[in-house]
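Report on the following structure.
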Amino acid sequence: MKQVVIDAFNAQIAKERDASVVYESLSFWCAASDYPGFAEFFAKQAAEERTHAEKLAKHMLDRGARPVLGALAAPPSQFDSLTDIAKAALAHEESNTRGVVETLEAAKAAGDYAACNLLAWFVNEQVEEEVWANRMVVLVGRATCAGSLYAVDRHIVADLTGKKD
Ligand code: FEO
Numbered sequence: 427m428k429q430v431v432i433d434a435f436n437a438q439i440a441k442e443r444d445a446s447v448v449y450e451s452l453s454f455w456c457a458a459s460d461y462p463g464f465a466e467f468f469a470k471q472a473a474e475e476r477t478h479a480e481k482l483a484k485h486m487l488d489r490g491a492r493p494v495l496g497a498l499a500a501p502p503s504q505f506d507s508l509t510d511i512a513k514a515a516l517a518h519e520e521s522n523t524r525g526v527v528e529t530l531e532a533a534k535a536a537g538d539y540a541a542c543n544l545l546a547w548f549v550n551e552q553v554e555e556e557v558w559a560n561r562m563v564v565l566v567g568r569a570t571c572a573g574s575l576y577a578v579d580r581h582i583v584a585d586l587t588g589k590k591d
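Laid out in structure tokens, this is it:
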């Protein structure tokens, strides 16, 4: 792999690991605030982001390049409401999408078709990720009382993942 693509992959690995830690923090806030459904969803999401970082790292290792990890910033931990949480998640996914596109552009400019193929999976994945994040913002925005927030929390995992609850 060309160094410019290696650098782009390392930058995207950092973003995926950052997303994992941010979602872990959102999960803890939700658990501490008695929203077990949101806590479960974000815990699952944190694990998924970690697998995204691993997928990029495996591609590098398969091609003889060594992933290099850097320090992660402390994630945000203070939120006023589930609305804040949902907006933070959406902002994070939009930022991750930009990272994926930048990585793909670097691979494309370098003529690295193997990396482009891998990154096509990430482009599709980000479409899915923005779908759930946007839907979460809508659902939380519609819940205007404690009872409706309870109902959203109870069904959020099923709603966003398509699994039955
Ligand atoms: Fe791995 Fe949510 O992006």
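Just so you know, we're using this note's numbering here: the sequence shown kicks off at 427 and counts up by one.
Note that CB positions come from ideal geometry on N, CA and C, so glycine has one too.
For clarity, every value in this text was computed on a predicted model and none was experimentally measured.
Rounding to the nearest angstrom, what Cα-Cα distance links residue i and residue j in this structure?
i	j	result
Phe467	Leu586	8 Å
Thr570	Ala457	20 Å
Glu528	Ala483	17 Å
Ile439	Leu575	34 Å
Gln552	Glu519	7 Å
Arg580	Ser446	23 Å
Leu565	Lys428	44 Å
Met562	Ala465	13 Å
Asp460	Ala479	30 Å
Leu487	Ala434	15 Å
Ser507	Phe548	30 Å
Lys534	His485	16 Å
Gly496	Ala515	22 Å
Ala532	Trp558	27 Å
Asn522	Asn550	12 Å
Leu544	Glu554	16 Å
Ala437	Glu556	20 Å
Ile582	Lys441	25 Å
Gly490	Asp538	14 Å
Ile511	Val578	14 Å
Asn560	Ala584	16 Å
Lys513	Arg492	35 Å
Val494	Ala546	22 Å
Gly525	Ala536	17 Å
Leu412	Gly573	Outside the displayed span of the chain (427 to 591) sits residue 412, for which this structure offers no information.
Ala469	Ala517	18 Å
Lys589	Cys542	31 Å
Arg568	Arg476	31 Å
Lys481	Pro462	29 Å
Between the options, which has its C-alpha nearest residue i's C-alpha?
i	options	result
Val431	Phe454, His581, Val549 and Ala540	Ala540
Glu450	Val564, Pro501, Leu565 and Leu530	Pro501
Asp444	Arg489, Ala473 and Pro462	Ala473
Leu452	Lys441, Thr509, Gly573 and Val526	Thr509
Ala499	Val448, Phe505, Gly463 and Asp538	Val448
Ser503	Val494, Phe454, Ala536 and Val526	Phe454
Hey, is residue i's beta-carbon within less than 8 Å of any beta-carbon in chain B?
i	result
Ser503	Among the chains in the structure shown there is no chain B, since it carries only a single protein chain.
I'd like to confirm something about residue i: is its beta-carbon nearer than 7 Å to some heavy atom of the ligand MN, or not?
i	result
His485	Ligands in the displayed structure: the ligand FEO; the ligand MN is not one of them.
Inset, instruction - Scan the stretch 458-545 and note each continuous alpha helix (DSSP H) run of 4 residues or more that stays entirely inside, going in chain order. - result: 462-488 and 508-535
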